[in-house]
Amino acid sequence: MEKTSSAQVSVQSVPTVAQAGDREVQYDGESVSSDVAILASLGYKQEFKRAFSPVEVFGLGFSIIGVFPSIASVLVFAIPYGGPVALVWGWAICGLFLMFIAFALAELGSAAPTSGGLYYWTWTYATPRWRNVLSWIVGYSNSIGLIAGLAGVDWGCAVQVMAAVSIGTDESFVPTTGQIFGLFVALLICHGIVASLATHVIARLQGFYIAFNVLLCLAVIISLAVATPSDFRNSASFAFGGFTSLYDWPNGFAFVLSFLAPLWTIGGFDAPVHISEEASNARTAVPWAIISGVGAAGVLGWAINVALAFNMGKDMESIVSNPIGQPMATILFNSLGRNGTLAIWTVVVVAQFLMGSSSLIAASRQVFAFARDGALPFSSVIYRVNPHTQTPVNAVWASVLVALLLGLLAFAGPAANSAIFSLAVAGQYTAFAIPIMCRFLGGREWKPGPFTLGRFGFPVAIVAVAWMIFSVVIIAFPAAPTPDAEGMNYMSVVFCGWILLCLAYFYLPAYGGKHWFNGPQTTLEGARRNGTLVPVDDIQVVEELSEKGKRA
-18 MEKTSSAQVS VQSVPTVAQA GDREVQYDGE SVSSDVAILA SLGYKQEFKR
32 AFSPVEVFGL GFSIIGVFPS IASVLVFAIP YGGPVALVWG WAICGLFLMF
82 IAFALAELGS AAPTSGGLYY WTWTYATPRW RNVLSWIVGY SNSIGLIAGL
132 AGVDWGCAVQ VMAAVSIGTD ESFVPTTGQI FGLFVALLIC HGIVASLATH
182 VIARLQGFYI AFNVLLCLAV IISLAVATPS DFRNSASFAF GGFTSLYDWP
232 NGFAFVLSFL APLWTIGGFD APVHISEEAS NARTAVPWAI ISGVGAAGVL
282 GWAINVALAF NMGKDMESIV SNPIGQPMAT ILFNSLGRNG TLAIWTVVVV
332 AQFLMGSSSL IAASRQVFAF ARDGALPFSS VIYRVNPHTQ TPVNAVWASV
382 LVALLLGLLA FAGPAANSAI FSLAVAGQYT AFAIPIMCRF LGGREWKPGP
432 FTLGRFGFPV AIVAVAWMIF SVVIIAFPAA PTPDAEGMNY MSVVFCGWIL
482 LCLAYFYLPA YGGKHWFNGP QTTLEGARRN GTLVPVDDIQ VVEELSEKGK
532 RA
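Under the working numbering, think of the first position of the sequence shown as -18, with each following residue one higher.
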C-alpha cells in the first residue's frame, strides 16, 4: 500500500528532523530508526542496511587515505622538491590546511547525511537559477575524482608489486607498461568483488583495516629507527632543515610543489559521506569520521616523514632514479636490506590493496546516488540494489569500468599517468569547494546538524576554499620549469576537458541534462507527480513526522 500521506506536494526550504539520537520514532504508523526518518526528510527511502558503526565509518575514511602506502606512491612528488624540508614541513603545513576542509565538510555532512552528499548539498543551498547546473558539475566532478582516485590507487599498487619483483630479482626485472596495466586490471576486478559484498561484511572489515594500517606505520617507523646503517642516518639539522631541489624551480616554489604529496595522500576524505545511508547515527558518525580520519592521517603521516628524513641518507638523486623504480622501496632497501624490504613491502602492497577496496566502496556509493537522481547515462541500470547483498553491485562495476578506461592513459606516457593522480585531486576539490561556497552564498536557510562550527563556520569555509583553489593551481604545474612534451603536466587539459564535456552534456540541445535534470529526486513511496518522481524539496516530510509521529 502506498504511503500517499508522506508525499503531499509543497515547496519548502531545507528540511531537517527533530533530533532522536539512535532511538526509534513513529513514521506513518511504523516504527523506524531516526536515521531512516532523517533520510526520509531528505527525500529518500532506506535501501541499504545500516551496518556501519561510528568506528567503522572512521575505518573507511581512514583506510581510503592509506597513510603509508599513499606516501610510498607519491614520495616522488616530495623528495625532488626540497628533500627533508619538503617531507617534514611541507606535510605539516599542508596537513593543517586540509583540516579546514575536513571541518567544513563535516558540518555539511552532519546537516544532511546522504550518499550523494556533495551534489545534494550544492543543489540544496545554491540559488534556484544555478542549482541544477552546479549540482550537475559537482556530481560529475565528485564521481570522476573518486574513480580517478581508485585508478591511481590500483595503479600505484601494481607499481609496488612490480617494485617487489624488481627487488627480488636483484633489479634485473624491469616491468613494461603492458605488464603493469594487466596487473592493474586484475586488481580492479578483485576490488569489484570485495565492494560487491554485503554491507555487514564490508563494515566488519573496517576494524581490520584500521589495525593493519596503524601497525604498518608503527612497524616502518620503528624499523627505520633501529635498522638503518650509519651511512644513511641523518642529523637533526639535516632532517629538519636540509633542502635539496632536483629541478630548476626557485627554492620557494619548489617547496610549494612538494605539497603535491600530502594533497594526494590525504584525499578522498569525503568517503564517510558516501556511506551515510549505511551508517548508524549518521549525523554524528559521519562528521567525526571525516575529522578524525584526516587528523589521524596527518599525525601518522608526519611521523613517517620525520622517520624518513632521519634515515634516507643525503643523496636525493639516487633515491629518485634508482632502478628499483620506487623511492620508498629504495629507502627501505638501503635501511633494511633485501629481505627486510621484501617483508615490509609485502605488507605495504596489502595495505594499498585494502585502500583500493575502500576507494571503490566510496566511489560506487556516489555513482549509485547520482544514478538514483537520474543524472548518469544508463541510470536506470546503475541504480539498482542487489537483492542478495543489498549493495549497489551495478554501480560498483560501472565504477570499475571507468577506472579501467582511465588506466589506459598510462600508455600515453608518464605525464598522462600523472594526470590521473592530479585529476583525482582537482575533481574532488571542485566538488568540495562548490557546496561549501553555496552554503554561504546561496541565500538558502541553514539548519545545522549535531556537529556545527557555529560562528566559526564562515571563516573556516573561507580558508578551506582558498586553500583548495591554491592547491588546484599548484597541481597543474609541470615537474620542471621548461618541460618537453613528455614532462608536461596535462592535468589542466584532462580536467578542463572533463568539465567542458559535462557542460556540453548538460546544455546539449533537446537531449542535455538542462531539459530533464532537476536535482535530487525523491524515492519515497507515493512521491510522484503525473507518474514522475518529484524534486526532494517538494516533499513535506518533517512536518508530517512532527504532527503524526511520536518518539518511541
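Every residue gets a Cβ at the ideal spot worked out from N, C-alpha and C, and that includes glycine.
Nearest to Phe236 (by Cα), restricted to the options Ala461, Leu489 and Tyr488
Ala461
Nearest candidate by alpha-carbon position, reference Ala206, set Leu23, Asn292, Asp251 and Arg110:
Asn292
Ile125 beta carbon less than 9 angstroms from that of Ser249:
According to the sequence displayed, residue 249 carries Gly and not Ser. Taking 9 angstroms as the Cβ cut-off, Gly249 and Ile125 do not qualify as a contacting pair.
Pairwise C-alpha distance: Leu227 and Phe154:
26 angstroms
Helix, strand or coil for Phe224, going by three-state DSSP, please let me know.
coil
CB contact flag (His496, Phe334, <9 angstroms)
No. Outside cutoff.
Kindly indicate which three-state DSSP category Ala260 falls into: helix, strand or coil?
strand
Quick one: is Arg436 buried, meaning 16 or more other Cβ sit within 10 Å of its Cβ, or exposed?
exposed
Please determine, among Trp136, Ser211, Ile19 and Cys477, the residue with the shortest C-alpha to C-alpha distance to Lys295.
Nearest to Lys295 by alpha-carbon distance, out of Trp136, Ser211, Ile19 and Cys477, is Ser211.
Helix, strand or coil: how does DSSP classify Phe432 here?
In this structure, Phe432 counts as coil in the three-state DSSP scheme.
Under 9 angstroms between the Cβ atoms of Ala145 and Val330?
yes
For the pair the segment 417 to 428 and the segment 61 to 74, tell me if three or more CB-CB distances fall below 8 angstroms.
Taking 8 angstroms as the limit for Cβ pairs, the verdict is that the segment 61 to 74 does not touch the segment 417 to 428.
Rounded to a whole number of angstroms, what is the C-alpha to C-alpha distance between Leu505 and Ala352?
Rounded to whole angstroms, Leu505 to Ala352 spans 16 angstroms at the Cα level.
State the start and end residues of the unbroken alpha helix (DSSP H) segment that holds Pro308.
Pro308 to Arg353
Span of the alpha helix (DSSP H), counted from its first residue to its last, around Glu88
Trp72 to Ala92
What does Phe193 pair with, by DSSP beta-bridge criteria?
Phe193 pairs with nothing; no bridge assigned.
How is Val62 classed by DSSP in three states: helix, strand or coil?
Going by the sequence as given, residue 62 is Tyr instead of Val. Looking at Tyr62 - three-state DSSP - the assignment turns out to be strand.
Could you give the DSSP three-state label for Phe33: helix, strand or coil?
strand
Report whether the distance from the Cβ of Asn262 to the nearest heavy atom of the ligand GTP is below 8 angstroms.
Looking for the ligand GTP in the displayed structure turns up nothing, as the structure carries no ligands at all.
Would a C-beta distance cut-off of 9 angstroms place Pro268 and Glu88 closer than the cut-off?
Taking the C-beta atoms as reference points, Glu88 is found nearer than 9 angstroms to Pro268.
Taking 8 angstroms as the cut-off, does the segment 437 to 444 touch the segment 156 to 176 (at least 3 CB pairs, one atom from each stretch)?
no
Does DSSP put Glu152 in a helix, a strand or coil?
coil
What residue range does the alpha helix (DSSP H) around Asn375 cover?
Val374 to Gly388
Please determine, among Ile455, Phe498 and Glu258, the residue with the shortest C-alpha to C-alpha distance to Ser15.
Comparing Cα positions, the closest option is Glu258.
Take every Cβ of the segment 88 to 100, pair it with every Cβ of the segment 295 to 313, and state whether three or more of those distances are shorter than 8 angstroms.
no
Would you call the CB atoms of Asn194 and Val48 closer than 9 angstroms?
yes
Simplified DSSP assignment, three categories, for Met293
coil
Would you be able to state if there are at least three C-beta pairs under 8 angstroms between the segment 373 to 390 and the segment 52 to 65?
no
Beta-carbon contacts of Cys483 that lie in its chain and below 7 angstroms, excluding the five residues immediately before and after:
Trp117, Ile118 and Tyr121
Helix, strand or coil for Asn470 per DSSP?
coil
Please report the distance separating the alpha-carbon of Ile401 from that of Thr463.
Separation of Ile401 and Thr463 (C-alpha to C-alpha, rounded to the nearest whole angstrom) is 22 angstroms.
Taking Gln371 as part of the alpha helix (DSSP H), name the residues at either end of that continuous run.
Element bounds for Gln371: n/a, residue is neither H nor E.
Can you tell me whether DSSP reads Leu186 as helix, strand or coil?
helix
Who are the Cβ neighbours of Ser452 in its own chain at under 8 angstroms, not counting the five residues just before and after it?
Phe240, Leu244, Val406 and Tyr410
Since Phe314 and Val69 are thought to touch, with beta carbons under 8 angstroms apart, how far apart are those beta carbons, to the nearest angstrom?
That belief does not hold up - the Cβ atoms of Phe314 and Val69 are roughly 22 angstroms apart, past 8 angstroms.
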